[in-house]
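Chains as they are written, first to last, in my numbering: chain G, 307 to 463; chain Z, 1276 to 1753.
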């Protein structure tokens, strides 16, 4: 019964994403498993991530939507609030998660996190420092670390 | 130094405290004496207070301390109270009312397709309960408990209630804005304190939920604080009275009760919330306890008014209010016995066939018992005997006996330490009307030996205090 309602909710969210596509974000479940999604977000304009496409994985536990999904960056990203394994520090994915937050709003929050990092509690301290001190160097490191989806596929990630 | 030791010990207890996050989401109803036992070796104030607890609040239900306990406790007791008032129409009314609050949710920025999932579970459970309440031999309470222990359904209902509280606050900024500090607006306050997946209910939440859900339903909400404040019993309570309906305040509303221990909520009950638990005919035995002292087998045939006079002097014996009127009831009761006889009489069949129905019908159901049980085992039946015999129904006597009773009954106010508290026995009205003397002697009564589910009455000393209240309540409400 529990997994059934998780599935219902995820199907509803998928329908919502497909019928109301938002530019810059997309998400779709994996072929075999409805509780494992792959998402993409596009870096917002006027940020170091402008135009870059990032792949993410979202895993929904049987307690979803009462527990936050586990979201990871699959594309390597240089960002103050993301560590080198792709783990994200974002309040709504942790203790401020709410059952009314949808997949779409998670992705939108992540998109805005790219342009507005929370430098007060960084996972990547160097990035937090450079964000304010040396935007040019920051941008260089972002681009150096980034891989396009095609490169990722080629690397088998 | 002793003070330091005390502080150190408190610190140690506080460090050792592990919130219970195991066990069922909502537990079985259990006696509050278990709480007494739990604190028996604990803090003296808690010990005193929990020792006094079972006197007023006989039962409680543990909720899992997973951060949702307060929300879940209120939601659960809301549903349970809906079952307790035993009014299927009320469930429909509440369902419509909560559905109409969808507007509030939309206004608070929640779309139907997200919130709808949670609300659907609330309404689904209401519908199932409504069906079960009209189905014989079903147990809606069991269904409720099972569903509240189903993680996803329980959480959906809890989330629905949290969102209702949040939406209510955002719709009534004047009432709540003064309480909101450190937040730019009500919305961010609600997101932080009500809409987060794991957020314990705070006082504002309790107040908002009682305003949004409990009070408009005609229920009262009581939170009893079991804390270290000085006192011999739980003395600090929060109470929300239900909204007046059609301009009249509701007296004795059904009440949701929560037991609050710092950081945790459980569901609390009075013994009266569960009329079934109390043996329904206990008051009669209370009267007999007073009787046994001077019981004389030779005085079985004592005039009836001696008994009722005696009973009048016993507190709680007003269950016997049926007694004085019974003489009058006797007058209408013989005709139904005669009618079948006369209808058979003109039939020109031989004598035996009419004799048989008469034999079946004429003896009142209790008459054979009286004869077959001469031993004073069933005192109640013994007492009935003189009443059942229409030998001497002296109208002036019964009038005299009736008079003091009526005065007692019409007097609603009795300034006494034992005066009933508001809210007492609001739902017993449903159970009691059938407990007439006639019903007691009917084989439909499980206490009757002819009943297939025969269950002899038992005297339970613990129920004596509660039952004496019960009798008083009935006389007061007539």
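Backbone N, C-alpha and C define an ideal beta-carbon position, used for all residues, glycine too.
All values reported here derive from a predicted model rather than from experimental measurement.
Check	Outcome
Boundaries (first-last residue) of the beta strand (DSSP E) holding residue 1536 of chain Z	1530-1536
Chain G contacts made by the region 1455-1482 of chain Z, where a contact means CB separation under 8 Å	1466, 1467, 1470, 1471, 1472, 1473
Residue 404 of chain G: contacting residues in chain Z (beta-carbon distance under 8 Å)	1466, 1470, 1471, 1472
Residue 315 of chain G versus residue 345 of chain G: straight-line alpha-carbon distance, rounded	17 Å
Local conformation of residue 1337 of chain Z per DSSP, three classes	strand
Straight-line Cα distance separating residue 1480 of chain Z from residue 363 of chain G	35 Å
Rounded Cβ spacing between residue 1544 of chain Z and residue 1353 of chain Z (contact assumed at less than 8 Å)	Actually they do not touch by this definition, with Cβ atoms about 14 Å apart.
Secondary structure of residue 364 of chain G, DSSP reduced to three states	strand
Chain G contact residues for residue 1301 of chain Z, given Cβ-Cβ distances below 9 Å	Correct list: empty, because the minimum Cβ distance to chain G is about 16 Å.
Min CB distance residue 1328 of chain Z to chain G below 9 Å	no
Which of helix, strand or coil DSSP assigns to residue 369 of chain G	coil
Under the three-state DSSP convention, the category residue 376 of chain G falls into	strand
Residue-level contact to chain G via CB, residue 1496 of chain Z, 9 Å cutoff	no
Residue 1347 of chain Z beta carbon less than 9 Å from that of residue 1771 of chain Z	Since the first residue of chain Z shown is 1276 and the last is 1753, residue 1771 of chain Z is not available in this structure.
Where residue 1617 of chain Z falls, given that 16 or more other Cβ within 10 Å makes a residue buried	Bear in mind that the predicted position of residue 1617 of chain Z carries a pLDDT of just 42, short of 50, making it unreliable; the figure below should be weighed with that in mind. Residue 1617 of chain Z is exposed by the Cβ-count criterion.
Residue span of the alpha helix (DSSP H) that contains residue 484 of chain G, given as start and end	With chain G covering only 307 through 463, there is no way to say anything about residue 484 of chain G.
Every unbroken alpha helix (DSSP H) inside the region 1385-1436 of chain Z [4 residues or more]	1387-1409, 1415-1423
Three-way DSSP call (helix, strand, coil) for residue 1473 of chain Z in this model	coil
Stretch pair the region 324-332 of chain G + the region 402-415 of chain G: three plus CB contacts closer than 8 Å	yes
Closer than 7 Å at the beta carbon, the chain G residues around residue 1376 of chain Z	Those within 7 Å of residue 1376 of chain Z in chain G number zero; the least Cβ separation is about 15 Å.
Interfacial residues, the region 355-380 of chain G to chain Z, with Cβ spacing under 9 Å	368, 369, 371, 372, 373, 374
Cutoff 9 Å: residue 328 of chain G Cβ touching any chain Z Cβ	no
Proximity below 9 Å, CB of residue 1434 of chain Z to CB of residue 1472 of chain Z	yes
Interface partners of residue 325 of chain G on chain Z, CB under 9 Å	Result: empty, since nearest Cβ-Cβ is about 11 Å, beyond 9 Å.
Meets three-Cβ-pair contact criterion under 8 Å: the region 1461-1472 of chain Z and the region 1397-1416 of chain Z	no
Under 8 Å (Cβ pairs) to chain G, residues found in the region 1383-1394 of chain Z	1385, 1388, 1389, 1390, 1392, 1393
Chain Z within 9 Å of residue 415 of chain G, Cβ atoms only	no
Residues in the region 1397-1423 of chain Z having any Cβ partner in chain G nearer than 8 Å	none
Any C-beta of chain Z under 9 Å from that of residue 307 of chain G	Annotation note: pLDDT 44 at residue 307 of chain G (below 50); position unreliable, coordinate value reported separately. With 9 Å as the cut-off, residue 307 of chain G counts as an interface residue toward chain Z.
Exposure of residue 372 of chain G, with buried meaning 16 or more beta-carbon neighbours within 10 Å	buried
Proximal residues of chain G, C-beta to C-beta of residue 1534 of chain Z below 7 Å	Chain G residues near residue 1534 of chain Z: none, gap ~25 Å exceeds 7 Å.
Buried or exposed (CB count within 10 angstroms, at least 16 for buried), residue 321 of chain G	exposed
Whole-number beta carbon distance between residue 1446 of chain Z and residue 1394 of chain Z, since they are thought to touch under 8 Å	In fact, because the Cβ distance is near 16 Å, the residues do not count as touching under 8 Å.
For residue 438 of chain G, three-class secondary structure by DSSP	helix
Close Cβ partners of residue 1327 of chain Z (< 7 Å) along its chain, the five nearest in sequence each way excluded	1507, 1508
As assigned by DSSP and simplified to three states, the class of residue 1500 of chain Z	strand
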